[in-house]
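Since the structure comes first, as structure tokens, the remarks are kept for the end.
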Amino acid sequence: MRTIPAAVRNNPYLTANIAFSGVILLIMVYSAIFSPLKDNYPVTCLHERITGEPCVSCGLSHSFSLILRGKFDEAHNWNVYGMRVFLFFAAQFLMRILFSVVYFRNNDSRKQLIIFDIAGSIILFFLSFHQFLVYIFKYS
Amino acid sequence: MEEEVKKDSGQNLGVAALITAIVTFVLAAIPCIGLIAIIPGIISIVLASVGLSQAARNNSPRGILVAGLIIAIIACMISFSQVFVFSKIAEKADKWPGKIEEIVNDVQNDVLKDLEDANISIKVENGDEKVEITTNIDKKDREQTLEDLEVESKPENDSITITVTTGK
Chain A
5 MRTIPAAVRN NPYLTANIAF SGVILLIMVY SAIFSPLKDN YPVTCLHERI
55 TGEPCVSCGL SHSFSLILRG KFDEAHNWNV YGMRVFLFFA AQFLMRILFS
105 VVYFRNNDSR KQLIIFDIAG SIILFFLSFH QFLVYIFKYS
Chain B
832 MEEEVKKDSG QNLGVAALIT AIVTFVLAAI PCIGLIAIIP GIISIVLASV
882 GLSQAARNNS PRGILVAGLI IAIIACMISF SQVFVFSKIA EKADKWPGKI
932 EEIVNDVQND VLKDLEDANI SIKVENGDEK VEITTNIDKK DREQTLEDLE
982 VESKPENDSI TITVTTGK
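In the order they appear, the protein sequences are chains A and B. Quick note: the first sequence uses my numbering, first residue 5, plus one each step. Quick note: the second sequence uses my numbering, first residue 832, plus one each step.
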């Protein structure tokens, strides 16, 4: 039984790229479907429910939806870090496509490409999620 | 054919583990929903572990499985650390009533301190009439005023006479 194409199955890097792209697409679809005007988001902040205090990522869904609708000022008001996190996901989506194409075309420099991708993604992740991680780890 | 199937064993589980691990990682990094990430994290670790054992038995590639396992473990650690966030905030919440009282007292003291050296100006307008009263309630000025008043109204004799009149 073969469910995964051989080219992808034999390349964990490509599988990871496809998986991550899929996750990002789902995030974008979620942000596009649910509207900040109707306020019909199914996910609510667990943090706020338990402690009664809003957390650093509260309003992120609203912010993403507003960014997708081109309302950047409102998005910033909902969550200060919304734009930064959104740009991380957008950049990652483009990077997955770009790096997959480069990976297919260059057989010789695949290892360097993966190292470059991992390093770049880690730096981008820390730049974008820095405030969230500080918030999580300051209590740990 | 059978050998090929054997070589691919664990790969489907690896892909599933990797996808779940990535979802876990994204969820774990967001404080609002970070705690939920423990569930897919555990699922991902189980999938990767089962896949690894199958891969080890049939000597098939393990790259994707190891990647999924590592990402899932890191994501689970980030997610689990949020338990501490909740407990610390709950701890803080217990101390808040006392802190609020302290803050209110501080603000009250600051306001009183500011008022000690304040200049007060009252303007009353009624049509064309305009009355303006300006006073300085500087502490030093008030002390000086009190001293002046004491000097001015100093009685000649220290004795006080009280007259009580009763009558029908």
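Note that CB positions come from ideal geometry on N, CA and C, so glycine has one too. Keep in mind it's a predicted model, so treat the numbers as computed, not measured.
| Status (buried if at least 16 other CB within 10 Å, exposed otherwise) for D121 of chain A | Walking along the first sequence from the start, residue 121 of chain A turns up at place 117. So D121 of chain A ends up on the buried side.
| field | Limits of the unbroken alpha helix (DSSP H) element including V138 of chain A | value | The count along the first sequence starts at 1 and reaches residue 138 of chain A at position 134. Boundaries of the alpha helix (DSSP H) around V138 of chain A: R114 to F141.
| task | Starting from the beta carbon of I54 of chain A, find every residue of chain B whose beta carbon is closer than 7 Å, and list them in chain order. | result | Position 50 of the first sequence, counted from the first residue, corresponds to residue 54 of chain A. Chain order gives the chain B residues near I54 of chain A as F917, where near means a beta carbon separation below 7 Å.
| Looking at C-alpha atoms only, which residue of A:A23, A:F90 and A:F68 is the closest neighbour of S39 of chain A? | What you label residue 39 of chain A is simply residue 35 of the first sequence in a count that begins at 1. Relative to S39 of chain A, the option among A:A23, A:F90 and A:F68 whose CA is nearest is A:F68.
| query | Which stretch, first to last residue, makes up the alpha helix (DSSP H) that contains Y34 of chain A? | reply | Here residue 34 of chain A refers to the residue found at position 30 of the first sequence. First-last of the alpha helix (DSSP H) with Y34 of chain A: P16 to I37.
| task | Scan the segment 860-871 of chain B for residues whose Cβ lies nearer than 9 Å to a Cβ of chain A and list them as they occur along the chain. | result | For the segment 860-871 of chain B, the set of residues with a beta-carbon nearer than 9 Å to any beta-carbon of chain A comprises A860, I861, P862, C863, I864, G865, L866 and I867, in chain order.
| What three-state label does DSSP hand T965 of chain B in the structure shown? | Here residue 965 of chain B refers to the residue found at position 134 of the second sequence. Secondary structure of T965 of chain B (DSSP, three-state): strand.
| Under three-state DSSP, which class holds E57 of chain A? | As a working mapping, residue 57 of chain A is identified with position 53 in the first sequence. Correct three-state label for E57 of chain A: coil.
| If you compare alpha carbons, which of B:S880, B:Q913, B:V916 and B:T965 is closest to G841 of chain B? | Here residue 841 of chain B corresponds to residue number 10 of the second sequence, with the count starting at 1. When C-alpha distances from G841 of chain B are compared across B:S880, B:Q913, B:V916 and B:T965, the shortest belongs to B:S880.
| query | Apart from the five residues just before and just after I118 of chain A, which ones in its own chain have a Cβ nearer than 7 Å to its Cβ? | reply | Within the first sequence, numbered from 1, the residue matching residue 118 of chain A stands at position 114. Here the set comprises Y17.
| Whole-angstrom C-beta distance between I864 of chain B and V60 of chain A, which should lie under 8 Å | In the first sequence, the residue the question calls residue 60 of chain A occupies position 56. In the second sequence, the residue the question calls residue 864 of chain B occupies position 33. Actually they are not in contact, since the Cβ atoms of V60 of chain A and I864 of chain B sit about 13 Å apart, beyond 8 Å.
| request: Examine the Cβ distances between the segment 80-89 of chain A and the segment 880-898 of chain B and report whether three or more of them are shorter than 8 Å. | output: Because the criterion of three Cβ pairs below 8 Å is not met, the segment 80-89 of chain A and the segment 880-898 of chain B do not touch.
| task | Assess, as a yes-or-no matter, whether the segment 50-59 of chain A is touched by the segment 73-81 of chain A under the definition of 3 or more beta carbon pairs within less than 8 Å. | result | Output reads no: the segment 50-59 of chain A does not touch the segment 73-81 of chain A.
| request: Give the interface partners of A898 of chain B over in chain A, defined as CB-CB distance under 7 Å, in chain order. | output: Within the second sequence, residue 898 of chain B is the residue found at index 67, counting from 1. Correct list: P16 and A20.
| Whether A852 of chain B touches A906 of chain B by CB criterion (8 Å) | Indexing the second sequence from 1 puts residue 852 of chain B at position 21. Indexing the second sequence from 1 puts residue 906 of chain B at position 75. Between A852 of chain B and A906 of chain B, the C-beta spacing is below 8 Å.
| task | Kindly indicate the opening and closing residues of the alpha helix (DSSP H) around R893 of chain B. | result | The sequence position of residue 893 of chain B within the second sequence is 62, counting from 1. Looking at the DSSP string, R893 of chain B is not in any alpha helix (DSSP H), and its letter there is neither H nor E.
| From I901 of chain B to K42 of chain A, what does the alpha carbon distance come to, in whole angstroms? | For the purposes of this step, residue 901 of chain B is taken as the residue at position 70 of the second sequence. For the purposes of this step, residue 42 of chain A is taken as the residue at position 38 of the first sequence. Looking at the two C-alpha atoms, the distance is approximately 39 Å.
| query | Is there a Cβ from chain A that is less than 8 Å from the Cβ of L849 of chain B? | reply | Here residue 849 of chain B refers to the residue found at position 18 when the second sequence is read from its first residue. It does: the Cβ of L849 of chain B has a partner Cβ on chain A nearer than 8 Å.
| query | Taking Cβ-Cβ distances below 8 Å as the criterion, which residues of the segment 50-81 of chain A are in contact with chain B? | reply | Listed in sequence order: L50, H51, E52, I54, T55, G56, E57, C59, V60, S61, C62 and L64.
| query | To the nearest angstrom, how far is it from the Cα of Y45 of chain A to the Cα of S65 of chain A? | reply | As a first step, residue 45 of chain A is located in the first sequence; it is residue number 41 there, counting from the start. As a first step, residue 65 of chain A is located in the first sequence; it is residue number 61 there, counting from the start. Between the alpha carbons of Y45 of chain A and S65 of chain A lies a gap of roughly 8 Å.
| query | For L980 of chain B, is the classification buried or exposed, using 16 other Cβ atoms within 10 angstroms of its Cβ as the cut-off for buried? | reply | Indexing the second sequence from 1 puts residue 980 of chain B at position 149. Classification of L980 of chain B: exposed, given that the 10 Å Cβ count is below 16.
| Buried or exposed: which applies to A79 of chain A, given that a residue is buried once 16 or more other Cβ atoms fall within 10 Å of its Cβ? | Counting from 1 along the first sequence, the entry for residue 79 of chain A is found at position 75. Classified as buried, A79 of chain A has 16 or more neighbouring CB atoms from the shown chains inside 10 Å of its CB.
| request: Mind listing the chain A neighbours of I853 of chain B? Cutoff is C-beta to C-beta under 7 Å, in chain order. | output: As a first step, residue 853 of chain B is located in the second sequence; it is residue number 22 there, counting from the start. By Cβ distance, chain A contributes A23, F24 and V27.
| task | Go ahead and pull the three-state DSSP assignment for N957 of chain B. | result | Counting from one through the second sequence, the residue named residue 957 of chain B turns up at place 126. N957 of chain B: strand per DSSP, three-state reduction.
| So, is the C-beta of Q913 of chain B closer than 8 Å to a C-beta in chain A? | To locate residue 913 of chain B, count along the second sequence from 1; it is residue 82. Output row for Q913 of chain B: interface = yes.
| task | Determine whether the Cβ of G841 of chain B lies closer than 8 Å to any Cβ atom of chain A. | result | As a first step, residue 841 of chain B is located in the second sequence; it is residue number 10 there, counting from the start. Taking 8 Å as the threshold, the shortest C-beta distance from G841 of chain B to chain A does not fall below it.
| field | Between the CA atoms of N936 of chain B and E974 of chain B - distance to the nearest angstrom | value | Taking the second sequence and counting its residues from 1, the one referred to as residue 974 of chain B is at position 143. Taking the second sequence and counting its residues from 1, the one referred to as residue 936 of chain B is at position 105. Roughly 26 Å between the two C-alpha positions.
| query | How big is the Cα-Cα spacing for V106 of chain A and E57 of chain A? | reply | Taking the first residue of the first sequence as position 1, residue 106 of chain A is located at position 102. Taking the first residue of the first sequence as position 1, residue 57 of chain A is located at position 53. One C-alpha to the other measures close to 46 Å.
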